[in-house]
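In our numbering, the protein residues as written are 113 to 408.
We put the CB at the ideal spot given by N, CA and C, even for glycine.
The structure presented is a predicted model; accordingly, all values stated were derived computationally and were not measured.
Below: one structure, written as structure tokens.
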Amino acid sequence: MNKSDVDKCIEAGKISQRLREYIKEIVEPGRLLDEIADLISDKIEELGARAAFPVSLAIDDVAAHFSPNIGDDRKAEGLLKVDFGIAIDGFIADSAISIDLTEDNRHKELIESVELALDKALSFIKEDPTIGEIGDLIGSTIESKGFSPVVNLSGHSIDRHQIHAGITIPNYNNGNSNKLGEGLYAVEPFATTGEGRVYNGGPGNVYELIEEKSVRSPIARKVLSFIVEKYKTLPFALRDVEKEFGGMVRLGMRELEQQGIIQHHLQLVEKSHKPVAQAEHTFIKKDGEVVVSTKD
């Protein structure tokens, strides 16, 4: 990355910091997830950026990948994970927080475990450890607090217009002796009181373009053109496309999915159906330095 690229990453990170504080203000027990998603989307636009992916509002044992549809009557409750991304000219800041909405604050220690693991990992990365060593620190920190790391969720490298760029930063020691090269990365500890694995659950309402092909129906062609122009390789939500085309868009989306043009990302659910907490920051590694873009 050149200086201009780094500056855009930093700018995206600063907007992410402001959005994080805004999210803490608007999330409250009983508020509709649909409303929260709209408020976050509007705030991103107000801050002069665009979403790098649909905000994920995952409750309790749903670890990730849930975007409410328009009119969804589900409300904020329990242990809510808010995962959000900011893009400036395709350069991304990926961040997540967990919010305990229970009356007795029962998830406080679980949330603290991922926040501590994240802070320790970000400091440790400055020492240029191996990828396996980073995972070992994250996993052992979570386990020291009496919880289990979610081993089949991980942090990741980030490229321009691409949220997951191939390199994983695990939440356990996977034995990887490679070190992180220069680039943009997200560290993303997940912890649970359960088994520590997730599986594909119900519809997450989040999609991604896989490849462009010719399609038959006019609505599918219009939807595909819209997706390519607006989102490129970035994920998008059904709610975003419905706002453009209305309810009939689902027919076009189904055709695109059946032809392998778009992929539907399902909810990721903890295997033993226990609550999951998440924390995430993005950092830049360049010229021997590590800069966390999404944190003061």
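{"Query": "Of the residues H393, L346 and G400, the one placed nearest H376, counting alpha carbons only", "Result": "L346"}
{"Query": "Limits of the beta strand (DSSP E) - the one that K80 falls within", "Result": "Nothing in the structure corresponds to residue 80, since the chain is present only between 113 and 408."}
{"Query": "Bridge partner(s) assigned by DSSP for L191", "Result": "D212"}
{"Query": "Short Cβ contact (9 Å threshold) for A176 with I204", "Result": "no"}
{"Query": "N290 versus T280: straight-line alpha-carbon distance, rounded", "Result": "11 Å"}
{"Query": "Counted within 10 angstroms of its Cβ, other Cβ atoms place R351 as buried (16 or more) or exposed", "Result": "buried"}
{"Query": "Whole-angstrom distance between L378 and G314, CA atom to CA atom", "Result": "6 Å"}
{"Query": "Three-state class that DSSP yields for A233 in the structure shown", "Result": "helix"}
{"Query": "9 Å Cβ cutoff met for L380 and N312", "Result": "yes"}
{"Query": "Segments assigned beta strand (DSSP E), at least 3 residues, entirely inside the segment 323–382", "Result": "374–382"}
{"Query": "Identity of the residue in P141, F302, K155 and G278 nearest A389 by Cα", "Result": "F302"}
{"Query": "CB contact check: A188 to chain D, cutoff 9 Å", "Result": "Here chain D cannot be found, since the structure has a single protein chain."}
{"Query": "Opposing strand residues paired with Q390 [DSSP bridges]", "Result": "F302"}
{"Query": "Cβ contact check for the segment 232–240 and the segment 153–164: 3 or more pairs under 8 Å", "Result": "no"}
{"Query": "Expected contact under 8 Å - CB spacing of T253 and K220 to nearest Å", "Result": "With a Cβ gap of about 16 Å, T253 and K220 do not count as contacting."}
{"Query": "Beta-carbon proximity check, A229 vs H268, cutoff 9 Å", "Result": "no"}
{"Query": "Proximity to L131 [Cα-Cα], best of D195, D185, P282 and V340", "Result": "D195"}
{"Query": "L169: first and last residue of the uninterrupted beta strand (DSSP E) it sits in", "Result": "S168 to I171"}
{"Query": "Beta-carbon proximity of Y319 to E367, cut-off 9 Å", "Result": "no"}
{"Query": "Contact belief for N288 with D248 at Cβ below 8 Å, rounded distance in angstroms", "Result": "Not quite, the Cβ-Cβ distance comes to about 10 Å (not below 8 Å), so this is no contact."}
{"Query": "Nearest-angstrom beta carbon gap, L191 and P180 [assumed within contact, 8 Å]", "Result": "Contact flag wrong, Cβ pair sits at about 17 Å."}
{"Query": "Counted within 10 angstroms of its Cβ, other Cβ atoms place M360 as buried (16 or more) or exposed", "Result": "exposed"}
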